[in-house]
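One structure is given below, encoded as structure tokens.
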Amino acid sequence: MKVNYELTASSAINMIKATLYNVIFGLKKVNFKEYYPGYNFDEILPELKIGEDGFPTFDAIEVINGFDFNLENISIVSMEDFYEVYYEILESNEDFNMIRISEVLDGLKMSDNHNDMELLEIIQNASIPSDIRSIISINEEEEEEVMKSFKTKNATMIFEINGEQNSFDKVTFKLGGAYSRFFQKPGFNLKIRGNKDLHGRSQFKLRADLNDPTIMRTKLISDIHNRLGLKSVSSTYVQLYINDEFMGLYTFNDDYKLSWIEEVYGEKNAKNLYKCDSMIDLLPEYSYGCINENEEIDNDTEWIEFLTAIENAKSAADLEDIFEIDHFLYEMAIDYLTGAYDHIQNTHNYYMYKQPNGKWIYLSHDFDHDFGQVSMFFNAPITITAAYGNIHLIEVLIFNDSARFEKILSEVISKVFNPSTLYSHIDEIKEYIKPYVILDKTPDANGNYPGHFNTGGIDGNFSLEQWDAYSEFTNGYSDMESYGLKYWILMRYRYTCDYYSLECDSTYLDENYEYPVVEELNVNYNYDFGFDGWYSTYYSYEMPTETSIDYNYTEVVFETPTESPSEASNETIVETSTESPTETYSDSFIETQTNSSTEPTPTSIDVEYISDDEALEVEEEVTAIDESDSEEEEDLVTITATATNEIKTITKTVTMIRSTIIN
């Protein structure tokens, strides 16, 4: 089985183009006189052509055309090669040397009313005009070929939960993720075919989350959604084997696909489920940024009408009948509190779906960059206004009248985003997964770690000591900054409680509240403004070129680990089934949420919980998914799987029963 990670020269140039274009247009959004008062920019940075109002007046197109992207004999086999090319391009415009501009700005004193992260946020969120985007000219077919890397449509799977096996003889198995596949331990996607599903789901994502030192961010955000009764994907943990070779611990998540919509909403072959991967703003001119998941639908009329309504909206009242406003505000509150920048704020990682009730709903996913992980724009305790910039929908629903958002923000803090609630849940997760984390961090006789077959990729293999410390109050790093989970929660909680004058727990507001920090592992984040700074901080690995797993017959196994937590004896087996959903936001973390217009067919599923005083009766509807089985045969891959689902305290399990036991 060959896995190709080759990054071509043209792909690298296009990546650099996209970044540079964003920075150029971002600079024009900055009021330099406001951010850097007292400086004569005509003398120190005349190329910016700062106007009387403080904003640059340079011609962005002229500046862009001054850079040389036609470098000859480019060879990119490592990250060092990539950044050498990157810096060469940044310096190629003699009249607008980006390296010099960065160095000059880095030496200026910024106004006390602003900070570096606000400035970076403005630049990141700058919109490139649609007529200019075509200049970037990314070869999409080439990019698609690079990202596909490996895929086989001939896989079989046995998935085991607590001794009960589910077998599937038609499964598509492929590499998954975008950026994450450049790590030594990449993730996978799998799709069950042949009109079968696993407890109502047929498509899943396995992620190593190697850039998250704690391996808990995805799980925590998923549980927060569950706590608040929000529709979302579910997350748990599994161990994976391929051809009897142990691949280690992964998060196991369902995915927003047509099968998910059918199970949750009862709508088969949904016509309006849009995946947003490059949506600059929810406006008609950027409609191309979201693609309909139903390939049979080629009419985007309803989608354009929705975007037009957003564009014309002046207040929430204008959208009340066509958009789940409260759901969206809960999502924005979660993003703000957890420092999530990699969703609507970064133009991707969300879906828009028109529900059977006629209202569109925002569905967020991919949470490994939340909780202060790779969070350039949310590190400082900035306000919601500074955090979200100029997204029109947010302007209408939050900036124009923030009362509704602030009420929801207060509720999120009261119910879930507070140290009292989250600290104990983090402890529960840590206690349960620690034996599996130990196995995941134990090399074989040859020094190879489980699942790290992409040997030329980003390492990201944290020690057990780092895993433990960075789950607490010690700040670490991965590919970028990675705040300690409990530290982030504490500091965000304090700031938000103070700024919004909320009634919060005085224990955690007390500046004398003591918490442990492992000093030898602690990283102090003191970023200076500079376009080159964050790119080069932690990158010292090789760009992966090609790796392989030399299997003629590939078996992928998910298995319950032989080791178990110390409190395994306290387990209670609960027989569960699904019940009708509610639209209320429950005070309990034991939450059920499925939506279907069809009569449920109950199935019994055993789920184990540590808490023996809480049980949930749920009926689980299994819906057949119509899919074509006439697919070209490739290398035979068998996937046999056993979940770590005795995940008890931390599971919204693979059964998709939306339940956890945060007390």
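Each step along the sequence shown adds one to the number in the working numbering, with nothing skipped, and position 56 is 141. A virtual CB, placed ideally from N, CA and C, is assigned to each residue, including glycine.
Neighbourhood of residue i by C-beta, 7 Å cutoff - its chain only, sequence neighbours within 5 removed
i	result
F126	F117, L133 and I135
T527	none
S625	Residue placement at S625 is flagged as unreliable, the pLDDT there being 26, under the threshold of 50; a coordinate-derived value is accordingly withheld.
E137	none
L193	Y121 and Y124
I184	Y172, L175, E176 and D617
H428	D420, N434, Y435 and S449
D455	R302, I306, T423, G424 and A425
Whole-number beta carbon distance between residue j and residue i, since they are thought to touch under 8 Å
i	j	result
S563	M301	No, S563 and M301 are not in contact; Cβ-Cβ is about 13 Å, not under 8 Å.
P750	W552	Look at the range of the chain in this structure, 86 to 748, and you will see that residue 750 is not part of it.
F154	I98	6 Å
P504	F558	That pair is no contact at about 11 Å.
V522	G561	The pair is not a contact, with the Cβ atoms about 15 Å apart (cut-off 8 Å).
A355	N379	6 Å
K255	T237	Going by Cβ atoms, the distance from K255 to T237 rounds to 12 Å, so no, they are not a contact pair.
L283	N311	Not really, about 19 Å apart at Cβ, beyond 8 Å.
Y438	L358	5 Å
T432	I365	6 Å
F244	G261	Not quite, the Cβ-Cβ distance comes to about 17 Å (not below 8 Å), so this is no contact.
Q440	Y350	6 Å
K571	I511	7 Å
Bridge-paired residues (DSSP) for residue i
i	result
D339	F289
S449	Y435
P131	Answer is none; P131 lacks a bridge partner.
G261	G272
I146	In the DSSP output, where bridge partners are listed per residue, I146 has none listed.
L482	Partner(s): none; L482 has no beta bridge.
Q458	S567
P141	I135
Q250	E245
I309	For I309, which the question treats as bridged, DSSP gives no partner whatsoever.
L283	R286
beta-carbon residue i near the ligand ADP non-hydrogen atom, thresh 6 Å
i	result
I174	Inclusion of the ligand ADP in the displayed structure is not the case, the ligand content being empty and no account of it being possible.
Nonlocal neighbours in the same chain, by C-beta distance under 8 Å from residue i, ignoring five residues either side
i	result
S307	S317, V318, S319, S320, N338, F452 and K737
S196	E119, Y120, Y121 and P122
I498	L422, Y578, T581, C582, L587 and C589
E226	Any answer about E226 is weak, because its pLDDT of 45 lies below 50 and its placement is not dependable; what the coordinates show is given next. Excluding sequence neighbours, E226 sits near nothing in its chain.
S400	V481, N485 and D486
L404	A394, I395, A398, I410, V481 and L482
S548	K526
Y593	N503, P504, S505, L575, Y578 and R579
I476	N210, D366, L367, I429 and Q430
Within 7 Å, strictly: CB atoms of residue i and residue j
i	j	result
W445	F408	yes
D340	K270	no
L507	I574	yes
F181	G151	yes
I109	V170	no
L313	Y415	yes
P141	K113	yes
I389	S363	no
F268	I543	yes
K360	Y436	yes
R292	T336	yes
G794	N296	Outside the modelled stretch of the chain, which goes from 86 to 748, sits residue 794, for which no answer is possible.
Q458	S567	yes
K276	T257	yes
E348	G285	yes
I101	V189	no
I309	V501	yes
Same chain only: Cβ atoms within 6 Å of residue i, ignoring 5 sequence neighbours per side
i	result
G333	D525, P535 and G536
S495	L587
Y670	Note that Y670 scores a pLDDT of 29, beneath 50, so its modelled location is shaky; the value from the coordinates is reported in the next line. Same-chain partners within the cutoff: L313 and G314.
I483	F490
N178	G151 and F152
T104	none
I50	Examination of residue 50 is not possible in this model, given that the chain is present from 86 through 748 alone.
E387	N357
F331	P535
N442	none
A554	V603 and L606
At what residue ranges does the segment 488–576 contain a whole run of the alpha helix (DSSP H), taking only runs of 4 or more?
488–500, 504–525 and 549–555
Enumerate, from N- to C-terminal direction, the unbroken beta strand (DSSP E) stretches of 3 or more residues contained entirely within the segment 311–399.
320–327, 330–339, 358–361 and 375–377
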